[in-house]
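2 protein chains.
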Amino acid sequence: MTELAPNKEALFEAIAVMGKAFASPVRLELLDLLSQAPRTVEQLAQASQHSTANTSQHLQSLHAAGMVTRERDGIHVRYAIAGDEALRLWLALRDASVAQLGEVERAARDYLGPAVETIDRAELIARLGRGEAILIDVRPAEEYAAGHIDGARSIPLNELEQRLAELPADREVVAYCRGPYCAYAHEAVRRLHAAGHPASRLDHGWPEWHLEHDRNSKTAETRAA
Amino acid sequence: MTELAPNKEALFEAIAVMGKAFASPVRLELLDLLSQAPRTVEQLAQASQHSTANTSQHLQSLHAAGMVTRERDGIHVRYAIAGDEALRLWLALRDASVAQLGEVERAARDYLGPAVETIDRAELIARLGRGEAILIDVRPAEEYAAGHIDGARSIPLNELEQRLAELPADREVVAYCRGPYCAYAHEAVRRLHAAGHPASRLDHGWPEWHLEHDRNSKTAETRAA
DNA sequence: CAAGCTATCAAGCGATCTATTGAATGACAA
DNA sequence: TTGTCATTCAATAGATCGCTTGATAGCTTG
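Quick mapping for you: the protein sequence lines, in order, are chains U and H.
Here our numbering is used: position 146 in the first sequence is 156, and no number is missing along the way.
Here our numbering is used: position 126 in the second sequence is 136, and no number is missing along the way.
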């Protein structure tokens with residue numbers, strides 16, 4: 011057979027750089043945090059419970075793999091996910107893991123606690139249209155500020171009990187958070203039920219919604235560029 | 011803030027198992043080979059120029075990550091890509107690498123040689139419909155046997171010169187191979203030009219075509235299941 | 001310009017990964 | 001049963017990775 015492989019290895023080696031980015035739980039956690047909102051190294055270090063130096067090192071791997079962008083902001087360096095393509099890839103890996111590895115699903119179930127009533131995108135839109143429900147974002151306020159579903163109101167999980175009065179008693183509350191494997195919305199629905207308030211959970215988090223909903227506008231952007 | 015992270019790590023750790031599968035050039039090469047056709051350990055070891063034991067070890071990582079399936083075939087063990095989801099993920103990672111890392115693209119260009127005329131899916135269908143072109147698959151015969159574009163004829167690259175007579179001189183030849191980063195089709199077009207035959211290259215390989223083309227039937231399958 | 005803070009760099013140690021070697025398992029055929 | 005061959009298991013050295021510590025560079029404020 012004709013020999014056609016002088017540096018085929020180089021090709022796979024280059025792709026493996028990106029693969030390595032996904033090979034560490036720490037980096038995946040950082041990526042997950044960044045898929046909610048841009049953050050500084052310090053914030054990420056604190057959120058992930060690692061030293062600043064170590065966090066910085068992992069962020070550099072992710073940067074080398076093209077998964078995140080880096081930007082000086084005064085005295086800080088702010089990292090963000092590299093774009094919708096990178097976000098899509100991360101979500102695809104996560105979903106593939108869940109689909110193909112049973113372990114992931116078991117780990118998720120242990121972590122999320124008892125099942126709560128869940129509705130999907132179409133059902134949410136229908137209920138909002140009929141004025142039957144109100145939508146709340148139970149993530150931390152900074153993440154809401156960095157991007158949220160149109161029409162949602164920010165009630166971080168740790169403020170939920172004190173702010174129950176803000177929620178009209180006659181309408182169902184739909185809660186969403188970081189994604190299908192984030193426990194915030196599950197927990198919020200359980201607490202609302204405990205307080206006697208009708209509630210359910212949206213099966214998408216902000217990143218999933220963003221990719222799905224802004225697909226048209228984004229592809230238009232890409233086309234223009 | 012309410013503490014909600016007893017074993018959140020377990021979740022990322024489980025996802026990282028799949029990530030690790032993509033962290034080694036050797037595993038990526040095996041995955042690439044398997045995305046063309048199922049193969050035994052021995053065949054894979056020979057194709058990738060590694061020892062049998064080493065190849066087997068890497069295949070087990072891929073299996074643990076849920077990326078490949080394993081099946082006894084008499085005295086052999088035949089590995090195959092785990093399904094369209096796994097194939098989709100591999101292609102997504104590869105394409106994302108190419109899009110985001112400049113290095114990959116440079117490595118690819120070095121490897122592929124001078125540019126050749128390339129047409130896309132729609133153009134191929136149009137030309138085939140008008141009877142202007144014939145489509146050839148220049149991959150090894152086993153890969154053609156494991157799956158090929160409907161209507162293509164198998165002419166492995168190393169048999170091309172001897173079989174020029176089979177090609178009608180009045181029709182353009184369109185060649186395809188393993189994918190956009192495989193050199194076979196590029197080389198085939200150059201050789202056909204050298205022999206005075208009009209030729210061009212399809213911008214998709216068999217895996218891409220398969221995912222795109224069989225999408226409808228496959229989602230129907232999934233829905234039925 | 002000096003102080004104070006954030007992020008990165010550099011070096012080092014332990015843990016993990018990779019490829020090799022040789023032995024063990026499992027299927028087939030005589 | 002015995003021999004043979006493909007594959008896997010087990011053990012090992014060498015390389016790489018991951019986290020820590022201490023030093024350095026960059027920006028901002030006084």
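Glycine included, C-beta positions come from ideal geometry on N, C-alpha and C.
Boundaries of the alpha helix (DSSP H) in which residue i is found, first to last residue
i: E23(U); result: K18 to A31
i: S107(U); result: D94 to Q110
i: R137(H); result: R131 to G139
i: A209(H); result: Unbroken run through A209(H) is the beta strand (DSSP E), A209 to L212; no alpha helix (DSSP H).
i: Q70(H); result: T62 to A74
i: P217(U); result: W216 to H223
i: Q56(U); result: V51 to S58
i: P48(H); result: Segment: none, P48(H) is in no alpha helix (DSSP H) and carries neither H nor E.
i: V199(H); result: Y194 to A204
Span of the beta strand (DSSP E), counted from its first residue to its last, around residue i
i: I85(H); result: It is not in any beta strand (DSSP E) - I85(H) carries neither H nor E in the DSSP assignment.
Residue i versus residue j - alpha carbon distance
i: S66(H); j: R173(H); result: 37 Å
i: Q56(U); j: G93(U); result: 24 Å
i: G206(H); j: L145(H); result: 17 Å
i: I91(U); j: S107(U); result: 20 Å
i: Q46(H); j: V87(U); result: 43 Å
i: G161(H); j: A179(H); result: 19 Å
i: A125(U); j: T62(H); result: 46 Å
i: V51(U); j: A31(H); result: 28 Å
i: I2(U); j: L99(U); result: Because chain U here runs from 11 to 235, residue 2(U) falls outside it and cannot be looked at.
i: I135(U); j: D105(U); result: 24 Å
i: P166(H); j: A75(U); result: 35 Å
i: Q59(U); j: R49(U); result: 14 Å
i: G29(H); j: L103(U); result: 8 Å
i: L54(U); j: P150(H); result: 49 Å
i: H220(U); j: A24(U); result: 29 Å
i: E222(H); j: G157(H); result: 14 Å
i: D42(H); j: N168(U); result: 47 Å
i: A143(H); j: Y154(H); result: 19 Å
i: G123(H); j: E133(H); result: 23 Å
i: G141(U); j: E152(U); result: 27 Å
i: I85(H); j: G139(H); result: 45 Å
Beta-carbon separation (whole angstroms), residue i vs residue j, contact threshold 8 Å
i: H68(H); j: L40(H); result: 6 Å
i: E26(U); j: A33(H); result: Inspection of the sequence shows that residue 26(U) is occupied by Ala rather than by Glu. Yes, A26(U) and A33(H) are in contact; Cβ-Cβ is about 6 Å, under 8 Å.
i: Y121(U); j: A193(U); result: 6 Å
i: A209(H); j: E182(H); result: 6 Å
i: F22(U); j: L38(H); result: 4 Å
i: H73(U); j: R80(U); result: 6 Å
i: P35(U); j: E19(H); result: 6 Å
Close beta carbons around residue i, own chain, < 8 Å, minus the five adjacent residues each side
i: T110(U); result: Note on identity: in this sequence residue 110(U) is Gln, with Thr being the wrong assignment. Excluding positions up to five away in sequence, the list is empty.
i: I129(H); result: R137, V184, S210, R211, L212 and D213
i: L170(H); result: V148, A198, R201 and L202
i: P16(H); result: Confidence in P16(H) is poor, its pLDDT being 49 and thus under 50, which makes the residue's placement unreliable; the coordinate value appears in the next sentence. Contacts found: none.
i: R131(H); result: L212, D213, H214, W219 and E222
i: N64(H); result: V36 and A55
i: G112(U); result: none
Contacting residues, own chain, Cβ-Cβ under 7 Å from residue i (five flanking each side not counted)
i: G215(U); result: Y186, C187, R188, G189, P190 and C192
i: A204(U); result: none
i: V78(U); result: L44, L69, L72, Y89, A90, I91 and A92
i: A234(U); result: Confidence is the limiting factor: at A234(U) the pLDDT is only 37, short of 50, which leaves the residue's position unreliable, though a coordinate-based value still follows. Counting only Cβ-Cβ distances below 7 Å, and skipping sequence neighbours, we find nothing.
Neighbourhood of residue i by C-beta distance below 6 Å, restricted to the same chain and skipping five residues each side
i: R163(H); result: I146
i: V127(H); result: The sequence shown places Glu at residue 127(H), not Val. Cβ neighbours of E127(H) beyond the five flanking positions: S210.
i: A118(U); result: Y191
i: E115(U); result: V108
Proximity test, residue i beta-carbon vs the ligand ATP heavy atom, cut-off 7 Å
i: P208(U); result: Summarising the ligand content, the structure contains no ligands, and the ligand ATP is consequently not present.
Worksheet entry | Ordered list of alpha helix (DSSP H) runs contained in the segment 144 to 190 of chain U, each at least 4 residues | 151 to 156
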